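Just so we're aligned, residue 0 is where the sequence shown starts under numbering that gives the first Met the number 0, counting upward by one.
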Amino acid sequence: MSSLSGLTEQQAKEFHEQFKVTYTAFVGLAALAHLFVIAANPWW
Numbered sequence: 000m001s002s003l004s005g006l007t008e009q010q011a012k013e014f015h016e017q018f019k020v021t022y023t024a025f026v027g028l029a030a031l032a033h034l035f036v037i038a039a040n041p042w043w
């Protein structure tokens, strides 16, 4: 039985490890950008 993605289990694990790092960096930068916008232009 093959996977839906066509990746082996090892390839999927390697991809997932890199995805977690990239996703965490993206969320961190997005949060930082939002904090800068709030600091520069608070709505309250």
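The beta-carbon is built from N, C-alpha and C at its ideal position, and this holds for glycine as well.
Since the structure is predicted, the reported quantities are computational estimates derived from the model, not experimental observations.
Notebook entry, point to check: How many Å lie between Phe14 and Leu31 at the Cα?
Noted result: For the purposes of this step, residue 14 is taken as the residue at position 15 of the sequence shown. For the purposes of this step, residue 31 is taken as the residue at position 32 of the sequence shown. Roughly 26 angstroms between the two C-alpha positions.
Check: Should Ala11 and Ser1 be called a contact, given that it needs their Cβ atoms to be closer than 8 angstroms?
Finding: By one-based count along the sequence shown, residue 11 stands at place 12. By one-based count along the sequence shown, residue 1 stands at place 2. Cβ atoms of Ala11 and Ser1: not closer than 8 angstroms.
Next item on the list: Could you spell out the range, first to last residue, of the alpha helix (DSSP H) harbouring Thr49?
Entry: Because the chain is modelled from 0 through 43, residue 49 falls outside the range shown and cannot be assessed.
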